[in-house]
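Colleague: Structure below; questions to follow.
2 protein chains.
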Amino acid sequence: MARPGKRINDPEGMRKKVLDVAEDAFQARGYNASSIGDLMAAAGVSGGALHHHFPTKKALALAVIDERVAAAVEETWIAPVLAAASAREGVRAVFEAVATELEQQGFVRGCPLNNLAHELSLADPDFRIALAGIFDGWRRAISDKVRADQQVGRDEGTDPERFAALAVAAYSGAMSMAKAAQDASLLRDCLAGLERSALSPSQGGLAARRRNRILPRPRTL
Amino acid sequence: MARPGKRINDPEGMRKKVLDVAEDAFQARGYNASSIGDLMAAAGVSGGALHHHFPTKKALALAVIDERVAAAVEETWIAPVLAAASAREGVRAVFEAVATELEQQGFVRGCPLNNLAHELSLADPDFRIALAGIFDGWRRAISDKVRADQQVGRDEGTDPERFAALAVAAYSGAMSMAKAAQDASLLRDCLAGLERSALSPSQGGLAARRRNRILPRPRTL
DNA sequence: TTGACAAAACAGGACAACCGGTCTGTTTTA
DNA sequence: TAAAACAGACCGGTTGTCCTGTTTTGTCAA
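Chains as they are written, first to last, in the working numbering: chain A, 318 to 538; chain B, 318 to 538.
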């Protein structure tokens, strides 16, 4: 296969491979429990190469946070919410999509952002700021969507910031419990708790809107 | 002070001192980031003594979880909820009490249970089961309180399990965000999000009560 | 095109610090 | 007087980082 005398430099590919492995390891085992030796072996990368692209473990983690965790939040939350008919519909759709996905895959690894946030927020200011920024963008996307809804006359009684904070918090906490219990149905319980109250646009309005589907869209990520 | 030739055996006191230090260290820095050497130094305990009371680091962590984390949840959540006039009142009171406490102390260290749960749930089955059990008792206390309310005719439209799951999730997630942002006001935002909706007993004032069966089976675990 | 040549990319070993656990021995206590 | 409680040294393994080389690649003059 690979000729011993030949070598092909592929900086970007190697960097991506390291980030792939690190993202997965940090998610599955956490930052401190993932040694760079493990990462080197898993990625098939030499110490010198790793050190060339990421001088320190902290630099690697920062890259994972900025490039991968942020992208994951963007992909599984922000984009679907923006694409939904309304903020409430978007939140509901994401909850159900994630629950369905977790039920299919059989185990719960938790939310990448929350996993790292709990372990690293207090460990280093740089980590904390990077993680807080992702939380911020997450909430902002939802609250902006609520404001957009309101400009069309919907949900005028809802405070955008508070609704966004509750949605993100409920999801984060639900994933935390689901991870500990290894039971994705807790996500559905939390969504149901929101449904009959916070997520019903006409505030407990029964007659209003009843046509929402059970499972909007598979949305495999 | 302490005579060099004299020694006083105090097994329980020494055990308590180690648990105090470990609880604090695990909360502030996490499990993996806290070395037993640090703990020994902080507690002023020799290696032999520590090993006598806690053979392994895992045993120490398990003791912290079973005796301290569970007690913390009991003290700050379960007892206040049980003592409150209703489940909703209890939840509101705890949110506000914690928010006020965090604002006074100026920084947010997060929820001890969630901090350890994120780091250890996937690391070891024993950890996971112990942590999941605490989450379970937490939710059960709230749902039991809701059922007690309902036996007096209140909140009959509320699903106890779903309400409890949402309350715990919202709190857990709010603390997660508050820790990352170092901003306790996020707790108040989430409470407000719950207030005007889920936490209002008369469900928006309209024709309350509506058994929504939006999601398939209730599925209590 | 070619041929230096410097910089980037990569390989792999070395290293000191640290980790958690064990071990032997001493002191206290029931 | 034996067991419990404690002290402190010790050890093999791991950690993250650094260091010295080697190979590849882009650049630019000839």
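We treat Cβ as the ideally placed atom computed from N, Cα and C, and that holds for glycine.
1. Along the chain, where does the alpha helix (DSSP H) containing Asp506 (chain B) start, and where does it finish?
2. Around the C-beta of Ile446 (chain B), are 16 or more other C-beta atoms found within 10 angstroms, so that it is buried, or is it exposed?
3. DSSP three-state call for Thr373 (chain A): helix, strand or coil?
4. Please classify Arg426 (chain A): does DSSP put it in a helix, a strand, or coil?
5. Going along the region 487-511 of chain B in order, which residues come within less than 8 Å of chain A, judged by CB to CB distance?
6. Evaluate contact between the region 375-384 of chain A and the region 462-475 of chain A, counting only Cβ atoms and requiring at least three cross-stretch pairs below 8 Å.
7. When the cut-off is 8 Å and only beta carbons count, does Phe371 (chain A) lie next to chain B?
8. Should Phe412 (chain A) go down as buried or exposed, given a rule of 16 or more other Cβ atoms within 10 Å for buried?
9. Applying a beta-carbon distance threshold of less than 7 Å, which residues of chain B neighbour Val485 (chain A)?
10. Which value, in whole angstroms, describes the spacing of the CA atoms of Asp337 (chain A) and Glu436 (chain A)?
11. Taking C-beta to C-beta, are Leu356 (chain A) and Val335 (chain A) nearer than 8 Å?
12. Helix, strand or coil for Ala515 (chain A) per DSSP?
13. So with Cβ pairs under 8 Å, would you call Phe412 (chain B) a contact of chain A?
14. Measure from the alpha carbon of Trp394 (chain B) to the alpha carbon of each residue in B:Ala414, B:Leu433, B:Ile382, B:Ala509, then state which is nearest.
15. Take every Cβ of the region 413-430 of chain B, pair it with every Cβ of the region 466-479 of chain B, and state whether three or more of those distances are shorter than 8 Å.
16. Between Leu356 (chain B) and chain A, is there a C-beta pair that is closer than 8 Å?
17. Pairing CB atoms from the region 480-492 of chain A with CB atoms from the region 488-507 of chain B, are three or more of them under 8 Å?
18. Let me check understanding here. Comparing Cα to Cα, which of A:Ala498, A:Thr475, A:Phe343, A:Cys428 lies closest to Glu391 (chain A)?
19. Compare the C-beta of Gly347 (chain B) against all C-beta atoms of chain A and say whether one is closer than 8 Å.
20. On a CA-only basis, which of A:Ile382, A:Met331, A:Asp441 is nearest Glu340 (chain A)? Give me that one, please.
21. Looking at the C-beta of Arg445 (chain B), does it have a partner C-beta in chain A at a distance below 8 Å?
22. For the ligand SAH, any of its heavy atoms closer than 7 Å to the Cβ of Arg346 (chain B)?
23. Straight-line CA distance for Leu516 (chain A) to Gln499 (chain A)?
24. Is any beta-carbon of chain B found at less than 8 Å from that of Glu391 (chain A)?
25. Going by beta-carbon coordinates alone, are Ala342 (chain B) and Ala359 (chain B) separated by less than 8 Å?
26. Looking at Ala350 (chain A): is its Cβ nearer than 8 Å to the Cβ of Ala482 (chain B)?
27. Compare the C-alpha of Glu329 (chain A) against each of A:Ile353, A:Ala345, A:Phe371 and name the closest.
28. According to the neighbour-count rule (16 or more other Cβ atoms, all chains shown, within 10 Å of its Cβ), is Asn326 (chain A) buried or exposed?
29. Can you name, in chain order, every residue of its own chain whose Cβ lies under 7 Å from the Cβ of Ser364 (chain B), other than the five neighbours on each side?
30. For Leu539 (chain A), return the contacting residues in chain B, with the cut-off set at a CB-CB distance below 7 Å.
31. Mind checking whether Arg456 (chain A) and Val485 (chain A) have CB atoms under 8 Å apart?
32. Could you check what DSSP says for Ala350 (chain B) in three-state terms: helix, strand or coil?
33. What are the residues of the region 421-432 of chain B that lie near chain A, defined by any Cβ-Cβ distance shorter than 8 Å?
34. With a cut-off of 8 Å, does the C-beta of Arg471 (chain A) fall near any C-beta of chain B?
Modeller: So, to answer that:
1. That run of the alpha helix (DSSP H) goes 502-512.
2. The residue is exposed, with fewer than 16 neighbouring Cβ atoms inside 10 Å.
3. Three-state result, Thr373 (chain A): coil.
4. Under the three-state reduction of DSSP output, Arg426 (chain A) falls in the coil class, being neither helix nor strand.
5. Result list: Ala487, Tyr488, Ser489, Gly490, Ala491, Ser493, Met494, Lys496, Ala497, Ala498, Gln499, Leu503, Asp506, Cys507, Ala509, Gly510, Leu511.
6. Segments in contact, no.
7. Taking Cβ atoms only, chain B never reaches closer than 8 Å to Phe371 (chain A), which makes this a no.
8. A buried status is given to Phe412 (chain A), since no fewer than 16 other beta-carbon atoms sit within 10 Å of its beta-carbon.
9. Here the neighbours are Gly490, Met494.
10. Annotation: Asp337 (chain A) to Glu436 (chain A) spans about 20 Å, alpha carbon to alpha carbon.
11. It is a contact, given that the beta carbons lie within the stated cut-off.
12. In this prediction, Ala515 (chain A) has a pLDDT of 41, which is less than 50 and means its spatial position is unreliable; what the coordinates show is noted afterwards. Under the three-state reduction of DSSP, Ala515 (chain A) is assigned to coil, being neither helix nor strand.
13. No, because no Cβ of chain A sits closer than 8 Å to the Cβ of Phe412 (chain B).
14. Selected option, being the one with the closest Cα: B:Ala414.
15. Contact annotation: the region 413-430 of chain B does not touch the region 466-479 of chain B, with fewer than three C-beta pairs closer than 8 Å.
16. Not one chain A Cβ lies under 8 Å of Leu356 (chain B).
17. Contact holds between the region 480-492 of chain A and the region 488-507 of chain B, because three or more Cβ pairs, one in each stretch, are under 8 Å apart.
18. Comparing Cα positions, the closest option is A:Cys428.
19. Contacts with chain A at 8 Å (Cβ-Cβ) include Gly347 (chain B).
20. It is A:Ile382.
21. Against chain A, the CB of Arg445 (chain B) has a partner CB under 8 Å away; the residue lies at that interface.
22. Judged by which ligands are present, the structure shown has none, so any question about the ligand SAH falls away.
23. Low confidence applies to Leu516 (chain A): its pLDDT is 39, below 50, so where it sits in the model is not reliable enough to give any reading.
24. Nearest CB-CB separation between Glu391 (chain A) and chain B: not below the 8 Å threshold.
25. Taking 8 Å as the Cβ cut-off, Ala342 (chain B) and Ala359 (chain B) qualify as a contacting pair.
26. The answer is no: Cβ separation not under 8 Å.
27. Measuring from the Cα of Glu329 (chain A), the nearest candidate turns out to be A:Phe371.
28. It counts as exposed.
29. Inspection of the sequence shows that residue 364 (chain B) is occupied by Gly rather than by Ser. Shown here for Gly364 (chain B): same chain residues with a beta carbon closer than 7 Å to its own, the five before and five after excluded, namely Met357 in chain order.
30. There is simply no residue 539 (chain A) to check, as chain A begins at 318 and stops at 538 in what is shown.
31. Yes; because the gap between Cβ atoms is below 8 Å, this pair is in contact.
32. Correct three-state label for Ala350 (chain B): coil.
33. Cβ contacts with chain A come from Arg426, Gly427, Asn431, Asn432.
34. No - not a single Cβ of chain B is within 8 Å of the one on Arg471 (chain A).
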